[in-house]
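Protein chains in written order, with the working numbering: chain A, 1 to 257; chain B, 258 to 810.
Beta carbons are placed, not taken as given, at the ideal position from N, Cα and C, and that holds for glycine.
Please read these numbers as outputs of a predicted model, since none were measured by experiment.
A short worksheet on the structure shown next.
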Amino acid sequence: MSIITISGLKKQYSGNYVLKGIDLSIDAGQIVGYIGPNGAGKSTTIKILSGILSDFEGDVTVLGMNVRENPIEIKQKIGYIPEQAALYEVLTPIEYLRFVGKLYQLGDDEINTKSNELLRIFDLAPKADLRMNGFSKGMKQKVLLISGLMHNPEIIFLDEPLSGLDANAVILVKEILSQLKRAGKTIFYSSHIMDVVEKISDRIIIIDKGTVIADGSFEYLQQQASRGSLENIFTALTGGSEQHEHTAQEFIDVLKS
Amino acid sequence: MDKLLLRFLLSVVSVFSKRDVDFDRLKIITETKILMDRRRVRVTYNKKDKDPKNPLLITLVVYAFFGLMMGAMIFFTESLLLSMIFFHAYLLFMMAMTLITDFSAVLLDTTDNQIILPRPVNSKTVFLAKLIHILVYLLQFTIALAIFPLIAIFITHGAAAGLPAFFTVLLTVCLAVFFTYLLYILILRFGNEQKVKDIIGYFQIFMTLLFTVGYQLLPRLIDFEEIVRTFSLHWYSYFLPPVWMALTIESFKTVQFDAIHFLMIACAVFVPVITFWVMIKYLAPSFSRKLSLLQNDQQSTPEVKFQGKKQRSLSSRLSAVLCYSALEKAGYELVWKITGRDKGFKMQFYPSIGYILVFVFITVFRSGRNFQETIDTLPDSKLFLWMIYIPMFSVSSSKSLVNYYENFQAAWVYQSTPIKYPGQIISGSLKALLTKFFLPAYLLLFLYSYYTWGPAIIDDFVFGFFNNMIIFFLLEVLSLHNLPFSQQQNLKMQSGRFVKVFLQIIIISALVGLHYLALRISWLIAVLIPVAAIGAWFFHNKVSSFRWKDMTV
């Protein structure tokens, strides 16, 4: 059963189209990896699906609701975690989570219990009462993850969720995503880390210059592109391999000159 | 001026220190540091006004203006001793405050370790670069602060006073540097680098308050003529550095070298020199050691013991009483906490709070009349009306200030969460501002008014309280609606400022006028209180019912 449907999705910034007509249908309980080069339109798509951007062309429904007409109802049931760890850093993690919890209209007890427990799981309990302006990017990313998941959403949109995390945290987040999937959640996430996308995604969508250029399971994409890893498939599809080699050679030549 | 000073100091270095110093690298390091100094935002100019290319130049011009005032004071004060005490006290204070608030950026700057140390630059060059940087920094502030007073001394009292004054200025600067180092070391002894930065932050806020409020208030509080008339030195005066400097200048000018003058000259010369030597020999190295130790310790964030369930904060308890929805509580607590921690907000807003005092002095204790006479006649006047409405003039500026924030990108969270009525966050934030800033000032003024006018003014203050709430919420209704800490601080915030101030004056004047007229009928205020309460409630509800379409995003 489709939990997200996108048809004819277009989005422009000052006359420049970043999404040029996307059609997708996503089933419940899947992990969908959404990958593409910088500027391909990944973050824009996620923002539209999360009800953050409303001035787009086409139709988008999430959980059977029209994104344009029911953004509040949709936001209550989804979790969104952005790429940039922008937080009110003068607050402590506990204070920040309390603030976000209240925006989701959670009760005080629920906020306190969940914040403390989730911070403990992410090894942040000893720092729960410290202001976040001294935190590393990874620590902030963990707080961000908790803030987007603490209301137990049905669909989770993640924009580069692993950015800045250390190796252990990456493994933990991968495991959390897998278990969330087992619990019936739908996860739609963009990432640059190909091997993670390759390992945990049920379905991989590759987007380039505002259009979907590949869509299917890793095995299916492997078959289609006749390449080994997702990185190779991605490079082949986005036309990068020769270009990268040339750029690298040029760089070395300038260094030597 | 900094470039000239740098050129001068570099030429001195090139003559005296040729070996072991990489002159080209020294030049590029010092030039870069001075360029960065020029661009660093400083305390004395208001960040919100605009983003000038050279904030340092603005600071120096402001300081030169203070110097000009001091020069005028020297010019018009007959007593050389008194004017010199004032001048050196001013110089010592200004220099120490400038160093405490601004010098930290130089002293606590550890970027050298990351940027310069990994490069092929020898330690002597790095040391000299730091020294030259500090000297350029000190000299330009000294020149800005002291050039006009020195000219005034030369003109008014001749070279016999001017030449020694030139040296006492340098000695005073040495003392100011010593005091600054001493303060930093004392704080570091009892705290950490963050503590130093926090305390420096408080000094910066104090400086801002002093600049904006002090020059309004001090002339009204200090009777300069009285001081000149009754001036005399007491036994404890001889312990004060400005007195040493002034007596030194006086002894050269009047050729008096008796025991007391001789002792004072000795203090004026030896104390700064010795303390400066102690600073270079012991304090500065110990400071650097302590600082690098602390920074190594703080490579990882300090851990605090997790204490499980904690007591609720004051803001959380207040929001539970004053706010009716989770969104209002969220807005209330966010604004309460960030306004207490964000230095940018505090530096811009606290002077407005200070202005409450200025306004009270201007309106209630007017200058030009005998102070005691004013106090005596107050109970017969209706001047308590000012006490009721003055706090709102100052506190209302906080309303627009909380919209702006350096890290405004964090406001994405409002967009991604299911908020139907963003107005509730705004009404929560307005309540936080009212309880945190307006209410304490209002209560203090009420207590003073109660003491002066008696219980008859209680109903006026109750009526005034609701009127003030109407003003605060009505101003929000009439202006652009922004969520707290969601806007980038730039020139845009200035647009419509005049209109806002004009609106505010009209609304406050109308309500004060109504209040004033109501005073003529004894029972009317009591009748108007529920009307004002309903009005306040109406506008509060109006704000909380704002939807996304009403917001300026």
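How many Å lie between residue i and residue j at the Cα?
{"i": "residue 97/A", "j": "residue 605/B", "result": "28 Å"}
{"i": "residue 101/A", "j": "residue 598/B", "result": "21 Å"}
{"i": "residue 335/B", "j": "residue 507/B", "result": "13 Å"}
{"i": "residue 518/B", "j": "residue 338/B", "result": "12 Å"}
{"i": "residue 57/A", "j": "residue 93/A", "result": "38 Å"}
{"i": "residue 720/B", "j": "residue 184/A", "result": "58 Å"}
{"i": "residue 207/B", "j": "residue 210/A", "result": "Absent from the structure is residue 207/B, since the part of chain B shown begins at 258 and ends at 810."}
{"i": "residue 405/B", "j": "residue 416/B", "result": "15 Å"}
{"i": "residue 769/B", "j": "residue 354/B", "result": "40 Å"}
{"i": "residue 200/A", "j": "residue 691/B", "result": "51 Å"}
{"i": "residue 678/B", "j": "residue 165/A", "result": "35 Å"}
{"i": "residue 304/B", "j": "residue 247/A", "result": "Residue placement at residue 304/B is poorly supported in this model, since its pLDDT is 46, which falls under 50; the coordinates are not used for a value here."}
{"i": "residue 346/B", "j": "residue 427/B", "result": "13 Å"}
{"i": "residue 509/B", "j": "residue 419/B", "result": "10 Å"}
{"i": "residue 12/A", "j": "residue 59/A", "result": "15 Å"}
{"i": "residue 781/B", "j": "residue 725/B", "result": "18 Å"}
{"i": "residue 86/A", "j": "residue 656/B", "result": "23 Å"}
{"i": "residue 44/A", "j": "residue 350/B", "result": "55 Å"}
{"i": "residue 358/B", "j": "residue 637/B", "result": "45 Å"}
{"i": "residue 742/B", "j": "residue 104/A", "result": "19 Å"}
{"i": "residue 777/B", "j": "residue 717/B", "result": "12 Å"}
{"i": "residue 82/A", "j": "residue 64/A", "result": "23 Å"}
{"i": "residue 582/B", "j": "residue 681/B", "result": "8 Å"}
{"i": "residue 193/A", "j": "residue 31/A", "result": "15 Å"}
{"i": "residue 187/A", "j": "residue 127/A", "result": "29 Å"}
{"i": "residue 593/B", "j": "residue 533/B", "result": "44 Å"}
{"i": "residue 196/A", "j": "residue 157/A", "result": "16 Å"}
{"i": "residue 25/A", "j": "residue 66/A", "result": "14 Å"}
{"i": "residue 813/B", "j": "residue 55/A", "result": "With chain B covering only 258 through 810, there is no way to say anything about residue 813/B."}
In the DSSP assignment, what are the bridge partners of residue i?
{"i": "residue 7/A", "result": "59/A"}
{"i": "residue 763/B", "result": "According to DSSP, which records beta bridges pairwise, residue 763/B is partnered with nothing at all."}
{"i": "residue 186/A", "result": "155/A"}
{"i": "residue 26/A", "result": "4/A"}
{"i": "residue 19/A", "result": "11/A"}
{"i": "residue 208/A", "result": "211/A"}
{"i": "residue 744/B", "result": "661/B"}
{"i": "residue 203/A", "result": "32/A"}
{"i": "residue 66/A", "result": "61/A"}
{"i": "residue 80/A", "result": "157/A"}
{"i": "residue 326/A", "result": "Limits of chain A in this structure are 1 at one end and 257 at the other, which puts residue 326/A out of reach."}
Whose C-alpha, out of the options, is nearest the C-alpha of residue i?
{"i": "residue 16/A", "options": "28/A, 39/A, 154/A, 6/A", "result": "39/A"}
{"i": "residue 151/A", "options": "278/B, 657/B, 493/B, 674/B", "result": "674/B"}
{"i": "residue 394/B", "options": "663/B, 290/B, 800/B", "result": "290/B"}
{"i": "residue 735/B", "options": "464/B, 807/B, 495/B, 440/B", "result": "807/B"}
{"i": "residue 676/B", "options": "803/B, 320/B, 380/B, 784/B", "result": "803/B"}
{"i": "residue 10/A", "options": "251/A, 198/A, 53/A, 221/A", "result": "53/A"}
{"i": "residue 685/B", "options": "422/B, 532/B, 575/B, 444/B", "result": "575/B"}
{"i": "residue 6/A", "options": "61/A, 257/A, 251/A", "result": "61/A"}
{"i": "residue 414/B", "options": "258/B, 498/B, 570/B, 341/B", "result": "341/B"}
{"i": "residue 28/A", "options": "237/A, 34/A, 4/A, 253/A", "result": "4/A"}
{"i": "residue 713/B", "options": "639/B, 661/B, 795/B", "result": "639/B"}
{"i": "residue 89/A", "options": "67/A, 144/A, 121/A", "result": "144/A"}
{"i": "residue 216/A", "options": "21/A, 35/A, 120/A", "result": "35/A"}
{"i": "residue 658/B", "options": "446/B, 579/B, 744/B, 287/B", "result": "744/B"}
{"i": "residue 277/B", "options": "617/B, 321/B, 453/B, 382/B", "result": "382/B"}
{"i": "residue 22/A", "options": "50/A, 213/A, 171/A", "result": "213/A"}
{"i": "residue 159/A", "options": "48/A, 14/A, 8/A, 243/A", "result": "48/A"}
{"i": "residue 740/B", "options": "763/B, 687/B, 523/B, 715/B", "result": "687/B"}
- Item | Selection of the region 22-54 of chain A by Cβ proximity to chain C, strictly under 7 Å | In the structure shown, chain C cannot be found, because the protein chains are A and B.
- Message: Under 8 Å: do the region 308-327 of chain B and the region 397-406 of chain B share three or more Cβ pairs, one atom per stretch?
- Response: With three or more CB-CB distances shorter than 8 Å, the region 308-327 of chain B counts as touching the region 397-406 of chain B.
- Query: So does the region 628-646 of chain B actually touch the region 70-85 of chain A, counting three or more Cβ pairs closer than 8 Å?
  - Reply: Between the region 628-646 of chain B and the region 70-85 of chain A, the count of Cβ pairs shorter than 8 Å is below three; the stretches do not touch.
- Answer yes if the region 99-118 of chain A comes into contact with the region 36-55 of chain A, meaning at least three C-beta pairs across the two stretches below 8 Å, and no otherwise. A contact is defined here as three or more CB-CB pairs under 8 Å, and the region 36-55 of chain A fails this definition with respect to the region 99-118 of chain A.
- Message: Whether or not the region 409-421 of chain B and the region 322-333 of chain B are in contact is what I'm after, with contact meaning three or more pairs of Cβ atoms, one per stretch, closer than 8 Å; do they touch?
- Response: Three or more beta-carbon pairs drawn from the region 322-333 of chain B and the region 409-421 of chain B are found closer than 8 Å, and the two stretches are therefore classed as touching.
- Taking only runs of the alpha helix (DSSP H) that begin and end inside the region 637-684 of chain B, which ones reach a length of at least 4 residues, in chain order? Listed in chain order, they are 641-658, 669-673.
- Message: Quick check: the region 528-535 of chain B against the region 427-439 of chain B, are at least 3 beta-carbon pairs closer than 8 Å?
- Response: At 8 Å Cβ cutoff, the stretches touch.
- Message: In chain order, what are the residue ranges of uninterrupted alpha helix (DSSP H) at least 4 long that sit wholly in the region 573-612 of chain B?
- Response: Within the region 573-612 of chain B, the runs of alpha helix (DSSP H) at least 4 residues long that lie entirely inside it are, in chain order, 583-598.
- Task: With a floor of 4 residues, list each alpha helix (DSSP H) that falls wholly inside the region 83-125 of chain A, ordered by position along the chain.
- Result: Runs of the alpha helix (DSSP H) inside the region 83-125 of chain A: 93-103, 108-121.
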